[in-house]
Amino acid sequence: MTLLTPEIKSWIGQSEPPTTVEVSRRDIIKYAIATEQVRQAYLDGDEAPPMFAFGLFRPLVPLDALGPDGLAPMGPMPDLPLKRIMAGGTRMTIHRPICPGQTLVGTRSFADIFEKEGKQGHLIFLVNELRVTTEAGEPVMEEMQTRIAR
């Protein structure tokens, strides 16, 4: 028996509108200090630490709009028959450093939706892809984030 209806599967390949973000030296420095970086290039704001982009394209929301995990909502999602959502992992591929003064474009899409049978029942895996490029379209990074519904 499958829980994935054609409507749910139709989300595969769908993308949110691209988001454009300007990277400032100050933002890099604040992130480097907050995450206790030791590399001087990060602390001086010359280059962003690798995880800097992790939340760069998430919406800015008031505290009461954060989810139970402390993160802003991820955006549109299919209506799933399983409602408990858990983190399933993140994989990043970095093509070039993020530097101050860059304008980056991020596009998030559903790369895959599939299901498996676990010890305690069905699991639905949602794989979101974030592609980040320069304004000229040069790749900066890709992030594959998996969430699991149970």
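Each position in the sequence shown, counted from 1, maps to that position plus 120 in the working numbering.
Beta carbons are placed, not taken as given, at the ideal position from N, Cα and C, and that holds for glycine.
In this structure, DSSP gives Gln134 a state outside helix and strand, which the three-state scheme calls coil. Spatial neighbours of Arg204 in its own chain (CB-CB distance under 8 Å, excluding positions within 5 residues in sequence) are listed in chain order as Ala269, Arg270. Arg267: member of the beta strand (DSSP E) spanning 259 to 269, first to last residue. For Ala173, no alpha helix (DSSP H) segment is defined, and its DSSP state is neither H nor E. In this structure, DSSP gives Arg216 a state outside helix and strand, which the three-state scheme calls coil. Scanning its chain for C-beta atoms nearer than 8 Å, with the 5 sequence neighbours on each side dropped, one finds around Gly187 the residues Pro193, in chain order.
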